[in-house]
Amino acid sequence: MSSFDDFDAFEGASLSARAMAARPMPYLDELNPAQRAAVEALDGPVLMLAGAGTGKTKALTARIVHLLNTGRARPNEILSVTFTNKAAREMKNRVSGLLGQAVEGMPWLGTFHSICVKLLRRHAELVGLKSNFTILDTDDQLRLLKQLVQAAGIDDKRWPARQLAGVIDNWKNRALTPDKIPAADAGAYNHRGAELYAQYQVRLRELNAVDFGDLLLHMVVIFQTHEDVLEQYQRWFRYILVDEYQDTNVAQYMWLRLLAQRHRNICCVGDDDQSIYGWRGAEVGNILRFEKDFPGAHVVRLEQNYRSTPHILAAASSVIRGNANRLGKELWTEAQEGEKLRLIGHWDGEEEARWIGEEIESMQGGTRGMRGFSLDDMAILVRASHQMRAFEDRFLTIGLPYRVIGGPRFYERMEIRDAMAYFRLVVSPSDDLAFERVVNTPKRGLGDKAQQTIQQIARANGVPLLDGAALAVEQGAIKGKGAKALGEFVVNIARWGRMMRGTVAVDSDDVLDDLAQPMASTPEVSHIELAQIILDESGYTEMWQNDKTPEAPGRLENLKELVKALESFENIQGFLEHVSLVMDNDSDDGGAKVSIMTLHAAKGLEFPVVFLPGWEDGLFPSQRSMDESGVKGLEEERRLAYVGITRAEEVCTISFAGNRRVFGQWQSQMPSRFVDELPEEHVEVLTPPGLYGGGYGAAASAGMSGGMTPGMESRVASANVYNSPGWKRLQSRQGDRPVSQPKESRNTVIDLQAVSAYTMGERVFHDKFGYGEIVGIEGDKLEIAFDKAGTKKVVSRYICSADDVPF
DNA sequence: CTATGGAACGCTTAG
DNA sequence: CGTTCCATAG
């Protein structure tokens with residue numbers, strides 16, 4: 001635990017600085033002059049202003065290699081931070097590629113969060129934690145806050161715990177501890193925010209837990225209050241590199257500045273036009289202020305774009321020009337002209353999904369004079385995750401393989417979180433949140449009352465809940481069948497703990513004493529077997545086996561996967577750590593797939609073909625963002641549009657729908673104001689299928705003054721896209737489902753006849769779930785095992801025989 | 001104590 | 001529309 005491997009000299013490794021110094025540096029020849037300047041300015045502060053697609057990752061990785069090659073630093077003396085695990089992984093891979101060997105030797109290349117965990121484990125005691133603290137996810141955090149809110153006698157209907165979580169998060173992003181809350185924030189959360197924040201931090205300490213924001217906050221506090229610790233790291237990290245600097249919040253900024261103070265060898269890469277995380281505390285000001293913070297900083301601009309065609313680039317530039325506050329950059333490219341940006345409007349969201357689905361299918365083979373693209377080359381980027389559903393539904397129906405990036409993640413599923421809670425409890429018996437999650441899962445006859453009793457006893461004795469439970473059983477405070485089950489539960493947790501640590505039973509009735517036992521060298525069973533044992537003997541596996549809901553088999557499948565995932569870790573602890581930080585689930589079974597993700601998740605990625613659906617005012621730009629942050633919010637939305645367009649290499653298609661379902665209600669809306677900001681000469685308007693046409697170029701904006709905000713004045717008045725009679729008709733319609741919906745697109749399922757004569761085993765088709773087989777019939781309700789969507793009960797009129805499907 | 005159904009609420013965005 | 005939370009019956 002306390003080993004300092006990451007700081008030791010590299011003896012065996014062939015990466016010794018001296019050996020490297022003699023090597024040739026071919027990577028330098030592959031850089032353009034600006035990139036090369038950024039790479040070669042090794043010493044002192046450097047700010048790299050890198051526009052989208054200008055090869056900043058290339059420059060950054062080359063810089064790392066150059067640092068090693070010139071003997072400036074050893075691999076473990078370079079601190080290199082990113083925001084996402086994906087970016088960190090990519091950097092590692094590219095550095096290895098350039099070096100021609102794996103980089104085991106870069107322990108300090110990672111996300112802010114993962115690096116802070118590492119540091120905090122070493123110095124946990126300085127902020128009142130133990131080194132084996134647990135990292136709470138949003139769910140745990142919320143449950144904890146809810147408890148505190150209720151205990152404080154606050155009506156959590158009027159003042160939801162979510163709101164408090166937001167307030168606290170916001171403070172942590174600004175590196176504010178409870179005693180530093182400014183007077184201006186006194187009114188937060190009904191004037192009780194600061195008080196509850198303080199309580200929350202106390203509670204976290206009692207639980208030996210931290211939330212995401214704490215990882216940075218605690219380290220900043222440690223650096224500020226323990227000069228010796230800070231100095232040790234200041235000395236060690238000779239060179240610091242920061243990716244996506246425009247996204248740093250105050251806490252991250254302070255953290256970096258503290259660490260960089262000594263050597264001042266800090267290189268920050270960023271693009272103010274791609275700052276899209278203002279809502280979580282990112283300060284574009286950090287990038288604008290860099291030269292003041294580090295006088296004499298070397299500023300390099302990367303403006304040659306290697307990613308997109310001129311049309312795409314021009315469209316993106318035109319949109320971002322609508323923002324007042326920017327450093328200003330002009331991207332240019334030598335690329336061939338290529339396709340114009342394509343724009344299309346649709347009747348409703350479903351048709352939009354249908355059209356994009358068809359477009360994707362035809363683009364695979366090459367269409368309209370374009371080359372053919374693989375599904376892997378194509379991505380759909382949405383503003384809000386709920387937009388994904390329409391596409392998933394449609395793609396499921398037509399059997400188009402897709403992958404959702406950053407969607408509901410594997411490790412957030414109920415069964416996985418339950419299983420993990422068992423593991424957590426075995427690893428740290430004092431993990432009260434894990435205890436609460438699984439004491440009565442599977443049902444052990446321990447309801448609210450029993451759990452309250454346990455809470456009381458635990459609190460009265462000042463012990464964790466698990467010990468409280470043990471005491472409750474001993475004292476007979478819990479009666480009936482619950483008592484026996486609870487006793488078994490407690491004994492089991494302790495037993496699995498011993499199995500994990502390989503220590504033979506210690507004579508003790510205090511479960512926590514077991515934790516104090518030193519790690520034995522040879523556990524009785526492998527951690528993989530142990531995981532399986534825990535799931536089986538706890539009755540958890542059985543619970544799902546007995547569950548007859550259609551999801552149960554999938555859940556068991558997921559549990560199997562979970563156990564399998566343990567194989568790549570040395571022990572359960574390591575696995576838990578990984579999961580709490582990484583959480584992303586990149587398991588991919590090979591085949592080519594279209595990617596669906598949010599615009600935020602798309603940052604840093606690129607695709608030959610990009611679809612940008614849902615460009616409607618209120619959705620994008622998001623109404624909420626504009627309401628809450630006014631022009632600032634609108635500008636951030638515009639940067640998001642810029643990020644979206646610049647993801648595209650060859651073909652970029654923007655679309656919007658006149659009608660959309662919101663909470664089950666039909667609503668109609670205007671095309672996004674960003675549509676108006678697209679330069680006509682770089683846009684081709686595709687005529688949508690259906691009754692109304694795209695009357696592009698028609699002037700005027702009468703009747704559009706609905707919700708004017710200050711930002712709208714700047715909108716380009718000329719090219720008002722949808723002014724055709726058909727479009728105007730759409731505007732006036734509200735509420736109910738549009739009457740004359742054009743449904744003649746060829747993929748539409750024709751009239752769904754109400755046939756009741758189905759037979760078991762028959763192949764059928766459902767508009768939403770796709771193909772399936774009938775496994776049960778009850779009157780007019782059919783139980784159908786769908787190929788892709790699981791087993792569902794459906795009324796027969798929504799079903800047609802597979803043979804009748806027109807495609 | 002659990003199972004069940006109906007009301008209420010929610011759709012920013014992420015590690 | 002889908003999910004979650006709460007009240008009531010079993």
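Mapping to UniProt numbering: the first sequence position 131 is 131, numbers consecutive. Each residue gets a CB set at the ideal place from its N, CA and C atoms; glycine is no exception.
Any idea if residue i is buried or exposed, counting beta-carbon neighbours within 10 angstroms, 16 or more meaning buried?
{"i": "residue 350", "result": "buried"}
{"i": "residue 663", "result": "exposed"}
{"i": "residue 193", "result": "buried"}
{"i": "residue 368", "result": "exposed"}
{"i": "residue 395", "result": "buried"}
{"i": "residue 332", "result": "exposed"}
{"i": "residue 182", "result": "exposed"}
{"i": "residue 224", "result": "exposed"}
{"i": "residue 549", "result": "exposed"}
{"i": "residue 74", "result": "buried"}
{"i": "residue 718", "result": "Because the pLDDT at residue 718 is just 30, under 50, the model does not fix this residue reliably, and the point stays unresolved."}
Which value, in whole angstroms, describes the spacing of the CA atoms of residue i and residue j?
{"i": "residue 450", "j": "residue 464", "result": "16 Å"}
{"i": "residue 606", "j": "residue 307", "result": "8 Å"}
{"i": "residue 562", "j": "residue 535", "result": "11 Å"}
{"i": "residue 60", "j": "residue 131", "result": "33 Å"}
{"i": "residue 297", "j": "residue 210", "result": "36 Å"}
{"i": "residue 186", "j": "residue 360", "result": "52 Å"}
{"i": "residue 480", "j": "residue 537", "result": "21 Å"}
{"i": "residue 294", "j": "residue 80", "result": "18 Å"}
{"i": "residue 746", "j": "residue 358", "result": "Note on residue 746: pLDDT 27, under 50, position unreliable in the model; the coordinate value appears next. When rounded, the distance between both Cα atoms is 10 Å."}
{"i": "residue 381", "j": "residue 393", "result": "16 Å"}
{"i": "residue 311", "j": "residue 114", "result": "39 Å"}
{"i": "residue 642", "j": "residue 278", "result": "15 Å"}
{"i": "residue 37", "j": "residue 300", "result": "7 Å"}
{"i": "residue 162", "j": "residue 138", "result": "10 Å"}
{"i": "residue 70", "j": "residue 638", "result": "42 Å"}
{"i": "residue 684", "j": "residue 655", "result": "12 Å"}
{"i": "residue 347", "j": "residue 658", "result": "5 Å"}
{"i": "residue 55", "j": "residue 543", "result": "52 Å"}
{"i": "residue 65", "j": "residue 25", "result": "9 Å"}
{"i": "residue 176", "j": "residue 557", "result": "43 Å"}
{"i": "residue 405", "j": "residue 165", "result": "25 Å"}
{"i": "residue 596", "j": "residue 475", "result": "55 Å"}
{"i": "residue 93", "j": "residue 106", "result": "11 Å"}
{"i": "residue 555", "j": "residue 539", "result": "14 Å"}
{"i": "residue 325", "j": "residue 612", "result": "25 Å"}
Beta-carbon within less than 7 Å of residue i's beta-carbon, same chain only, minus the 5 sequence neighbours each way: which residues are those?
{"i": "residue 573", "result": "427"}
{"i": "residue 478", "result": "450, 453, 472 and 486"}
{"i": "residue 431", "result": "134, 424 and 425"}
{"i": "residue 173", "result": "213, 249, 250, 251, 280 and 281"}
Who are the near neighbours of residue i in its chain, counting only those whose CB is closer than 6 Å to its CB and skipping five residues on each side?
{"i": "residue 531", "result": "563 and 566"}
{"i": "residue 52", "result": "646"}
{"i": "residue 744", "result": "The predicted position of residue 744 is uncertain, since its pLDDT is 31 and thus under 50; no value can be drawn from it."}
{"i": "residue 620", "result": "383, 614 and 672"}
{"i": "residue 287", "result": "245, 246, 270 and 272"}
{"i": "residue 751", "result": "Per-residue confidence for residue 751 stands at a pLDDT of 28, beneath the threshold of 50, marking its modelled position as unreliable; the derived number appears in the next sentence. Same-chain partners within the cutoff: there are none."}
{"i": "residue 603", "result": "643"}
{"i": "residue 47", "result": "268, 290, 297 and 299"}
{"i": "residue 651", "result": "339 and 609"}
From the options, pick the residue whose C-alpha is nearest to that of residue i; which is it?
{"i": "residue 559", "options": "372, 421 and 39", "result": "421"}
{"i": "residue 649", "options": "338, 30, 72 and 256", "result": "338"}
{"i": "residue 617", "options": "610, 593 and 669", "result": "669"}
{"i": "residue 231", "options": "258, 254 and 240", "result": "258"}
{"i": "residue 112", "options": "678, 468, 129 and 242", "result": "242"}
{"i": "residue 129", "options": "762, 494 and 207", "result": "207"}
{"i": "residue 529", "options": "545, 500 and 541", "result": "500"}
Quick one: residues in its chain with C-beta nearer than 8 Å to the C-beta of residue i, no 5 flanking neighbours on either side, listed in chain order?
{"i": "residue 226", "result": "123 and 126"}
Sequence ranges, alpha helix (DSSP H) only - wholly within the region 289-341, length at least 4: Counting whole runs of 4 or more residues, the region 289-341 contains the alpha helix (DSSP H) stretches 290-293 and 310-320.
Every unbroken alpha helix (DSSP H) inside the region 232-269 [4 residues or more]: 250-260
Length at least 3, wholly inside the region 393-427: the beta strand (DSSP E) runs in chain order: 402-404
Start-end ranges of the beta strand (DSSP E) lying completely within the region 115-193, minimum 3 residues: Qualifying beta strand (DSSP E) stretches: none in this window.
Completely contained beta strand (DSSP E) runs for the region 362-388, where each covers 3 or more residues: 378-382
Alpha helix (DSSP H) segments (min. 4 residues) lying fully within the region 433-487: 448-461 and 465-475
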